[in-house]
Each structure stands twice: as structure tokens, then as C-alpha cells.
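Everything on this sheet refers to the single structure shown next.
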Amino acid sequence: MEKQDLTKSVKVLIYVSFLRFPKYSPYFFPFCMLIIYNRIRKNQKLFNIVSVPSELIRKVIEDYHLTFCDDENNTILINKNYSNGYFVKIIYRSCVKRIVYAVETSNHKVNNESAIVMSDTLKHNLGNIEDVKLSFVQPNEIYFATEIDLSLVNTNYDISNAVIDAVIKNYFKTPKFVCRNDLIVINFQKYAPEFFYTSTKYRNVKYVYFKCNKIISKHSKVNTFLCMIGETTVKQSANVQSYIAPTVKDMCSFKEEDFYNLISKCRDGLEDYKEEIERAVKPFLRKHKLDLKPTFLLQGNKGAGKSLIVSSLASKLGLHLYETASGDITSSTYAQTETKLRNIFFKTRLCTPCILTIKNFENFGKNNEGEYDERIMSFFRTELDSLFQNNSFPLILICVSNSKEIPSELTRAFLEIFTIKSPDDNQRVQMLNWILKSRNLENCANLTEIAQKTHGFLFEDFKALIYHAQKDSSDNCLLNKDNFDHALDIMQLNYNQSIGAPKIPQVQWSDVGGLNDVKQEIIRTINLPLRHPEILKTTGLKRSGILLYGPPGTGKTLIAKAVATECNLCFLSVKGPELLNMYVGQSEQNVREVFEKAREASPCIIFFDELDSLAPNRGVSGDSGGVMDRVVSQLLAEMDGLNQTATIFIIGATNRPDLIDPALLRPGRFDKLLYVGPCTDAESKLSVLKALTRKFKLDEDMNLKEIIKMCPKNITGADFYGLCSNAWMSSVRQLIENNENEKLQNLTQEDVIVTMDDFKVSLKSLKPSIRNEDLVYFENLQRQFSTNENKIKTKNLNK
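Everything in the sequence shown is counted per the UniProt record's numbering, starting at 1 for the first residue and increasing by one.
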């Protein structure tokens, strides 16, 4: 027997040496191993274990073209000072844990010489130990197993026996190391491509898990054996339930040369929610079961990252993830819904330990008419009792909802409810950095500035933002500020359309002429809470609203746009009639939604244009149903609790402040009433005209002061805008008349020169938009609403 064992050992040694060094004679291999063995014994030390996703190890194996051992779950990466492509033993507390294949990597891949990198599955099979020793494997310690017994680990996927046989056969075509009680993780796409690409049934199957129950071999002194079809008989026993290897979610796409540093440092901005939910789930993973149902509800807007949180939690805890949607459960009849729900719960109990996730839970229990069916909700609560009874492994139920409007009959079934809020500045920076690193993209822009421009963006929004930035970049791996600005324009347009807000207008203070005192008052009201929030937080006194009133065309809307642009805030523009609806209660709901969107996009400015149409005096509106009275009451209630949880500013604009309900004009709601009137002095008119013509190419003989003298006295900013527009068009027509058709194609905006004659032509058709009678009326309103605090000299504002 000893001679036969020696003969087999020599054969294995010759076979390994031939595969590892095909260019050299097999007889050189023992001497090389002896030298390496002595070197490792001299340098034997403790190594720290660093676990990474198995995809990274597989990528290294493919880059090194390893033909003998292509098993990523039994391969370690080690610094070149210790080994290079040989078998080593992992020793923990003087006990040999297993034999693995060691691959030497360059220093930039494993920066720490005292660390070894292995897959998360290998670390799980080792028992999650932290530090080990390595020792060279002698030739007589590597043997093929005669027979192994495997059991398929239950999952929520229905995989046929023929597919399982094909997976096992393809996996063991090359030698693989196996120990007793190992969890064997097989990549389905790699080892069963004929089923993955041809059948939609298996399109979502990523891994197939097996448990090694027993290994039969003639050699009992070793605990690790090689298995390969032709040398080893593979048998399959009944399916089992088992934990899977904990892993780091979505880290496999990082650059190979940077993974050692990135995995422990990069954050995706959702860690606080992950840790909170993990603390709630962990007590139910212990052996001593709690007399409670582990049911949790996760709420948040669509795209907030709820699915990523749940999948990351399942990966970290080593639990299977069974995902379904409320649409897959609800049917046209109650009996079918009951059957589907019972089948899903039965299937979930088979694949424990797992997390069952029901998506779009806000639609659960609704019938064909869109109303909640009490029978379905009652049956759901009844089935929960049987779902958590007599389970040998933990089972967690997490329902995911995109809305908070869930009946109380369903919310009472949950032990705890978690709400995913809009990310703050720091979380947005972390999300941007994480997505860039996960996609192997380099960035030369300031992520903090980008985060400040994306108030209200969610996790999925940032993924789309980086996609558009990468699409705009000439170098797909390097993004700059211009790429992000272009992507922000696209995303801002899409985001504003989704929440009902217009695109943030690009209006600078330089576009606004006059009204310096009004500008300063608005800046003080808005910038002070933004720059010193810690001072005003303790007092509870905050300025919330500014009402701009005056004749039409004086620039009330323009100054609100300039505030949003200069202060870099999200801008929600609301027209009064847009909120009114014919259905009972819908108008009040629209008002609540506006303020809810503003809280999500905090800090934010809500601009109510034509406020008199939305908030008229209560009791005198004349509508039979009292709709306007309820809308005003809802608006007052929202403004009273405005800045308790977010930083929101309100700017209103109206031509008739006397028609607005007086309750809105008290301090605490609209604190400041600022009158915006027409131009009164030549200096203000000149300032407006300069702001409008700053992008014009004016004639050298142009004198703007002369034009001011020719204008009427009661001219407004809108009238000046019409004057300049007509003058520019007059210059364009003159340019076209003076050039032939052949030269017109080469003309540009720089060729348009506005002259004094163009303004004179435009002045002939200029008519002031405000009559003298209207001006007297608004001056009386100014005296009526003026107070000693906000008497501000009115000057002109351009529009």
C-alpha cells in the first residue's frame, strides 16, 4: 500500500508540474518546491485575512491564465515575497484548516505584505477567522477524493435536475479543492451558459449553492482533497437549508488594483439606514427566538435605494433574498390572491434562512377598482402567524413601499417602520463617490459643489446623472466639471418635470436693474438662516415668507428667479390656478404635495405667482362648495409648520394684495411686504437699460442717457425689455437688407450692431403698460401696507 501511495503521489506531482511549468522537465519541480518551502518556513508569520467578492479573484485567475486551478473560492492572493503559484496550507492555532492555491500578485494589488486576499466564500468556509499562518504543501499531501456527496442548498429558484447535473459536470471538469461541510458556490453564468442565455427562467440565477456532506478517500490524514470528473465520483443527496457566505454588496466592479483600499473605505451614503435595519434584524438571527414577528416596513420615494439596502443587508448577513412584488400576488379574484400568497409563504419557508421582500407594498390588498380589500388584508395578517412558526432557520419579512399612504390595518402588522429620507450634502457626496468608484470612473470635478446643486436627488438619480456625464465625456473614464454641468441640465429638467417644478432659471443679479434695497432685504432674509443655522435653531424664530406686490411688468417674477439662481437653491414655481381641482379634497392635496416636495428638496424656494387667485379672502370668494376657503386654510396650516423639519422659503407675487386673505399677511407667514414699482428716476432707468443691453453690440455713438430722456415717465421693466427687443430686431432687419443672399449665410450675432436709430424706431411703437390712474392706485396700496419696518424706497426692476 505504501508503494502504491508513493506511486500516486509521484503521478500527481508530475501532473501538477507539467501543467504549471509545461516548458520545463517535471524533475525540476521538486527542487523548486524545496527552495520555496524553506523560504516560507523562514518567513512564516501571521497573515491578516482580507475578504473580497469572488468575482475579483476570478478576474485575477483569468488575467494570469491559470489552467490547473481556476477555482476562485479556493485561491488566495499573496505578496510576491512569499509564494508564486503553489499550493499552501492555511494553519490556524497549529491546526491545518485547508489547502489552497496561492497566486503571487504585484505590490499595487496587495499593498500590505502581512495580508492575504481571499474570496468571501473561502473565509466563510474557514470559519471567519481573522489571522492565519501559511505553510508550503508537500507532494504527498495532495490527493484526489474517491467520492463526494453534495446537497443542493434550497433557493427561491426552481432549477431542474438536468440543469443541476450540467452545472456540477462543468464545474468539476477541472480540479477543485473540497473540504467536508464546505459551502460550494458555483457561478451559474460561467458553468451553465447554455441555460443562462437560452432560457428566461434562469436569467436571474447568479449562483448555485451546494453543501459538501461527505468525502470518501483512502487517505485520512488530510482534510482537503482535489475533485475532478474522471477521478472523483460525485453523488447528490436531498436538498438542505443553509446560510450562504456573507459578502460586500456591489463591490465587484471596482478596479482590481485598488480593491484592497477601496472596499473598507468607500461608502454609498446609505450606511446609516443599513445599520439601523441591521440592528433591528440581528436579534431574530440568534438561537433563542423572540416571541415577536420579524416584520418590517421600509418606506421611501422611488429610487431612494430601498432595494439596495435590503440586498446589501441579505448579503452581509449571509441570508438568501427572495424578492416579489405586490403585482405578482394580487389577482382578479380573492381566491387566486389567497392561493398565490400562501404559495409564496410556503416557498419562502423552504429556502430559509432568507429575507422575503414584497415590493410596491402600497398597492398590496387593492382590488380591481383600486380600493383596499379588507379580506386580503385580514388574510395577510393571518398568514403571518403561520409564516414564522416552526422554522429551523431565521426568516425576515421586509415590505418595501414607495408611499406612506398605507392603511392602518396593514401598518399594524409590522414591528417597526423605517423611512428613507432625501440625502443631505454629505450623503450626496458619498453616493457620487461610490458610484464613480464602482464604475471605474475618474473625476476631476468638485463633488461637493455638485452635491450642493442636486438638492432632492436620490440614489437612482445620481446613477443617471453619472450616466449622462459619462455619455457627454470624450474620455469615457474621465469626467470633468463641464460633463457634470451638462448632465445636471438634463437631470434637472427631468427632475423638475417629475415633481412639477420648472427648470432652475439662469438669472443673475446683473440681469436685474435697480431695486438694490429690495435685493438686500431678500438676501438678508434667505442667506442668514443658511449661513448660521445653529444660531437660529435654538431660538425657533425664523423668517419664512416675502410678498412682492406692485403693477404688472415691474419684475416681481424676475427677482424670484434671480434669488433661486444666486443662492443655488431648488426653485419650485407654482401658479395659483394650477393647484385647483374639480374633485373634493384634491385641491388641498395639491397644496400639501407642493410643500412635501419642497421639504424633500430642502433648502428650497417656493414661488407662488398670482397669489391672489390661490388665497383670496375667505367668505367672499363666492364658490358654492367653499373650495377656496379650504385651500386657504390648508395653505395657512402648511406655512405654520414650515421650517420645523426643513429649510424652506416662500416668495409670493401679486398685483392685488388687497384681495389676499389678511391671515397670510401677518408675521410668521409673509413677514415682509415689498413694493416693486415702475422706474422713477433716471439713474434707475439707466441701470435697467444697461442690464438689458449688456449682451448687445452697441454702436460707438450710442448714448443710453439720451434714450432715457426720450422714454415716458411711467415706463416699467417689461416696457424696457420690449424697447430693447424691438431695437435689436430693427438692427437685424437692416443688416439683412444691406447684404446679399450669398453673404447672409456667413453672418453671426457679432455682426448685429444696434444703433441710436434702431432705438428711435422702437420708441415710436412704445406704449407704457401702466396708466396714471393705475399708478395712483398702487401708490395708495403701498401706503396701506407699508410699516415702519419695511418702508423701502422703490426703484425700478427690469424684466
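Glycine is no exception: its CB is placed at the ideal position from the N, C-alpha and C atoms. Remember, predicted model here, so these are calculated numbers, not experimental data.
- For the 9 angstroms CB-CB criterion, Ile216 and Ile148 form a contact.
- With respect to the C-alpha of Met702, the residue from Leu775, Gly677, Ile753, Gln241 having the closest C-alpha is Ile753.
- Assigned with DSSP and collapsed to three states, Arg98 falls in strand.
- The C-beta distance from Phe172 to Val234 rounds to 6 angstroms, short enough to meet the 8 angstroms contact threshold.
- Pairwise C-beta distances place the segment 652–666 out of contact with the segment 747–761, as fewer than three of them are shorter than 8 angstroms.
- Here Ile164 has Leu152, Val208, Gln236 as same chain residues with Cβ atoms under 8 angstroms from its own Cβ, once five neighbours each way along the sequence are excluded.
- Remark: C-beta atoms of Arg439 and Gly269 do not approach each other more closely than 9 angstroms.
- Where Ile708 is concerned, the enclosing alpha helix (DSSP H) starts and stops at 704–710.
- Between Leu447 and Leu432, the gap from beta carbon to beta carbon is short of 9 angstroms.
- Put simply, the backbone Cα of Thr554 is about 6 angstroms away from that of Ala718.
- When the alpha-carbon of Asp629 is set against those of Leu126, Pro552, Gly585, the nearest one is in Gly585.
- A straight line joining the alpha-carbon of Glu610 with that of Pro667 spans about 20 angstroms.
- Per DSSP, the beta-bridge partners of Met118 are Ser51, Ile76.
- Here the C-alpha atom of Pro353 lies approximately 6 angstroms from the C-alpha atom of Tyr243.
- The closest CA to that of Ser762, considering only Val732, Gln782, Gly722, is found on Gly722.
- The Cβ-Cβ distance between Asn367 and Ile376 falls below 9 angstroms.
- Rounded to whole angstroms, the Cβ separation of Leu488 and Cys444 is 16 angstroms, and the two are not in contact under 8 angstroms.
- At the C-beta level, Ile49 and Val132 come within 9 angstroms of one another.
- Residue pairing for Ala325: DSSP places it in a beta bridge opposite Lys359.
- Distance from the CA of Leu674 to the CA of Val632, rounded to the nearest whole angstrom, comes to 22 angstroms.
- If you keep only unbroken alpha helix (DSSP H) runs of at least 4 residues inside the segment 157–193, you get 161–171, 188–191.
- Lys235 has Asp149 as its beta-bridge partners, per DSSP.
- With a beta-carbon spacing of about 7 angstroms, Leu636 and Leu664 fall inside the 8 angstroms limit used to define contacts.
- With respect to Asn772, Asn726 sits apart: the two C-beta atoms are not nearer than 9 angstroms.
- Under the three-state reduction of DSSP output, Pro657 falls in the helix class.
- Residue burial annotation: Leu493 is exposed, with fewer than 16 other C-beta atoms found within 10 angstroms of its C-beta.
- Between Ile168 and Val205, the C-beta spacing is not below 9 angstroms.
- The beta carbon of Ala145 is closer than 6 angstroms to those of Ile215, Ser217, Phe225, Cys227, Thr232 in its chain, skipping five residues each way along the sequence.
- Rounded to the nearest whole angstrom, the CA to CA distance from Asn223 to Glu374 is 58 angstroms.
- With contacts defined by Cβ atoms closer than 9 angstroms, Gly550 and Asp671 do not form a contacting pair.
- Where Gln782 is concerned, the enclosing alpha helix (DSSP H) starts and stops at 772–785.
- Between the segment 186–199 and the segment 124–144, the count of C-beta pairs closer than 8 angstroms stays below three; the two stretches do not touch.
- Spatial neighbours of Phe195 in its own chain (CB-CB distance under 6 angstroms, excluding positions within 5 residues in sequence) are listed in chain order as Val163, Tyr202.
- The three-state reading of DSSP puts Asp475 in coil, since its state is none of H, G, I, E or B.
- For the pair of segments examined, the segment 295–315 was found to touch the segment 381–398: the number of CB pairs separated by less than 8 angstroms reaches three.
- Taking every protein chain shown into account, the CB of Asp182 has 16 or more other CB atoms within 10 angstroms, so this residue is buried.
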